[in-house]
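Protein chains in written order, with the numbering used here: chain A, 1157 to 1408; chain B, -4 to 356.
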């Protein structure tokens, strides 16, 4: 990865978060560059989700600074983070089962046509754009199919297509491969490659070592609220990462 | 991964297209309840020579229109995964306020009356200053109280986070109680120079078609457009499908919820006003327990109480089915007390068939 010269899309310096007396995060520094896939690993309670929630605007950090594309940002609500171009693909995908794929992609930002004072949905345009996005992701997903009839991989594609619609510059994916079949995992990893090709930075939060090693350029390991390792993937090994997660190895 | 140039269109190798009979209306509860209704109509035709007469058809159309408008309203709420138990009381209260305001404004000498009416030369007949204005003001007043009750329901449920069941159960009692308070338990009657317009607008007919039925068709078409062709409608479905997801995607959940409860209350209010025109009065016990008929009709027509599914066609089909059964029992000279029992059986049957169907898929 030629990333040294590019401005990092996301830069965290000295991020810390305390909930009362509990220190959930302490002095976390990290950078993510455009087109880079970063794996975020750690055991339960290591601070991964707190970190993700800070970046997504759910929590405000107690200490530290967040810079997005070079400028300092303060997120009060998730909408603020989305406005600058940070999207989260949630573990449960946040899809409405009773709506079609296209409706889900455009949920909350529907395309409309004006008929005098009334704005009606532009079904055709939305279906066409959704098909285009699924094409870019090379996912075999029909825009008019209901989400409840879809496979896990297709559902991921719908959730990821949402992020493409807003031209997100950083996509955080929370355990995207946790509950789906092996074949679908392949599809999801393919989707991550598509995002990377288009210059989107991806943060992959996952417990699954093979997936992280398959798609990530870099891996960050969290333990007890601190960053214990931040290494290019080819300079480390699953064994070392496991040791870092469990604490058998303190830092690398 | 898949070696495929970006420009090539996607080919669907492994995903079969869903057959037409497995989607849309054909795969919905509304679809087969409609089928059941058609069968029932045929049976009725052979069972009773009076069923398909013009008079009886007009009667059926009128009767189901009397709950169908409120059913359209409650369907909105049910699609979001909520429930509104206050529709019956709301019908009564709106009707009562409408006829009380109408009577008050039509009384010469009352403070408000002076603006709206004057005495004819004979000193006895009351004439309207502007024909139809009293009617308009009183209907606006009736719908106004419904609007307020709907806003309170919506506020408690969407902003304070109370359960829809409990909130609207409370509202059922509050509104019914207020009806007794304002009327002293006696009910009220539409009166004054505009009363004839009122009866014409609520229980008259145009070219043999009952007026309530015309309102119903217009409102149902409007509802279909709103639900399927506006972003509001889409958000209503999204809230019912996965409320958490809807919030995460940034749709204004609180506003949409308040709006559906307001729509429901307004529909119930309008329905009550129409019923009072047919009854010729708004008694204090009017439309008691109608909320159960309304919700039953919506559920039979395919609205899912878990949220996410429902529509105007289903609401109407449910109402028609209930009315045809009632009408059929009357024509067959079966005791009308059986009606309620049968309605209960049909509710359970409709939901049961839906469950079996979704198991089979």
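Idealized CB from N, CA, C, for every residue including glycine.
Beta-bridge partners of residue 1414 (chain A), as assigned by DSSP | This structure leaves residue 1414 (chain A) out entirely; chain A is present only between 1157 and 1408.
Other residues of its chain near residue 1202 (chain A): CB distance less than 6 Å, five sequence neighbours each side excluded | 1378, 1379
Per DSSP, which one or two residues make a beta bridge with residue 1275 (chain A)?
-> A:1270
Is the distance from the Cβ of residue 159 (chain B) to the Cβ of residue 77 (chain B) below 8 Å?
-> yes
Closer than 8 Å to chain A by CB, residue -4 (chain B) | Residue confidence is low: residue -4 (chain B) scores 37 on pLDDT, short of 50, so the model does not pin down where it sits. Its coordinate-derived value is still stated next. Residue -4 (chain B) counts as touching chain A.
Quick one: does residue 1352 (chain A) have its CB under 8 Å from some CB of chain B?
-> no
Chain B contact for residue 1253 (chain A) (CB, 8 Å cutoff) = yes
Using a Cβ cut-off of 8 Å, pull out every chain B residue sitting near residue 1250 (chain A), in sequence order please.
-> 237, 239, 240, 243, 244
7 Å Cβ shell around residue 333 (chain B) - same chain, five flanking residues per side excluded | 324
For residue 1324 (chain A), which three-state DSSP category applies?
-> coil
Within the stretch 1158 to 1244 of chain A, note down every full alpha helix (DSSP H) run reaching 4 residues or more, in order along the chain.
-> 1204 to 1212, 1234 to 1240
Indicate whether residue 282 (chain B) and residue 270 (chain B) have their beta-carbon atoms separated by less than 8 Å.
-> yes
Using only alpha-carbon positions, find the residue among B:211, B:26, B:177, B:329 that is nearest to residue 96 (chain B).
-> B:177
Would residue 1221 (chain A) be called buried (16 or more neighbouring beta carbons within 10 Å of its own) or exposed?
-> exposed
Label residue 1260 (chain A) either buried or exposed according to how many other C-beta atoms from any shown protein chain fall within 10 Å of its C-beta, with 16 as the threshold for buried.
-> buried
Taking 8 Å as the threshold, find out whether the stretch 1170 to 1187 of chain A comes into contact with the stretch 1232 to 1241 of chain A through three or more Cβ pairs.
-> no
What do you reckon, are the CB atoms on residue 1253 (chain A) and residue 1303 (chain A) nearer than 8 Å?
-> yes
Can you round the beta-carbon distance between residue 149 (chain B) and residue 252 (chain B) to whole angstroms, since I take them to be within the 8 Å contact cut?
-> 6 Å
According to the Cβ coordinates, are residue 1251 (chain A) and residue 1359 (chain A) closer than 8 Å?
-> no
Who pairs with residue 114 (chain B) in a beta bridge, going by DSSP?
-> B:121
Residue 1394 (chain A) at chain B interface by Cβ criterion, 8 Å | no
Interface flag, residue 1331 (chain A) vs chain B, CB-CB below 8 Å | no
Taking C-alpha atoms, which residue in A:1334, A:1332, A:1224, A:1210 lies nearest to residue 1324 (chain A)?
-> A:1224
Local conformation of residue 363 (chain B) per DSSP, three classes = Look at the range of chain B in this structure, -4 to 356, and you will see that residue 363 (chain B) is not part of it.
CA nearest to the CA of residue 1263 (chain A), picked from B:225, B:308, B:217 | B:225
Per DSSP, residue 183 (chain B) is paired with what?
-> B:277
Would you report the Cα separation of residue 211 (chain B) and residue 171 (chain B), rounded to the nearest angstrom?
-> 25 Å
Can you find a CB in chain B that lies within less than 8 Å of the CB of residue 1259 (chain A)?
-> yes
Just how far apart, CA to CA, sit residue -3 (chain B) and residue 1287 (chain A)?
-> For residue -3 (chain B), the predicted model reports a pLDDT of 41, less than 50, meaning its position is unreliable; a value from the coordinates is still stated below. Taking the straight line joining both Cα atoms gives about 18 Å.
Ends of the alpha helix (DSSP H) at residue 1296 (chain A)?
-> Here residue 1296 (chain A) belongs to no alpha helix (DSSP H), and DSSP marks it neither H nor E.
Should residue 1238 (chain A) be flagged as near chain B, meaning a C-beta pair shorter than 8 Å?
-> yes
Candidates B:188, B:195, B:262, B:235: closest to residue 215 (chain B) by CA position = B:262
DSSP beta-bridge partners for residue 1387 (chain A)?
-> A:1375
Looking at chain A, which residues of the stretch 215 to 229 of chain B have a Cβ within less than 7 Å of any of its Cβ atoms?
-> 224, 225, 226, 229
Cut-off 6 Å between Cβ atoms - residues of its own chain near residue 66 (chain B), not counting five sequence neighbours on either side | 289, 292, 293, 310, 314
Give the C-beta separation of residue 1373 (chain A) and residue 1193 (chain A) to the nearest angstrom, bearing in mind that I take them to be a contact with Cβ-Cβ under 8 Å.
-> 5 Å
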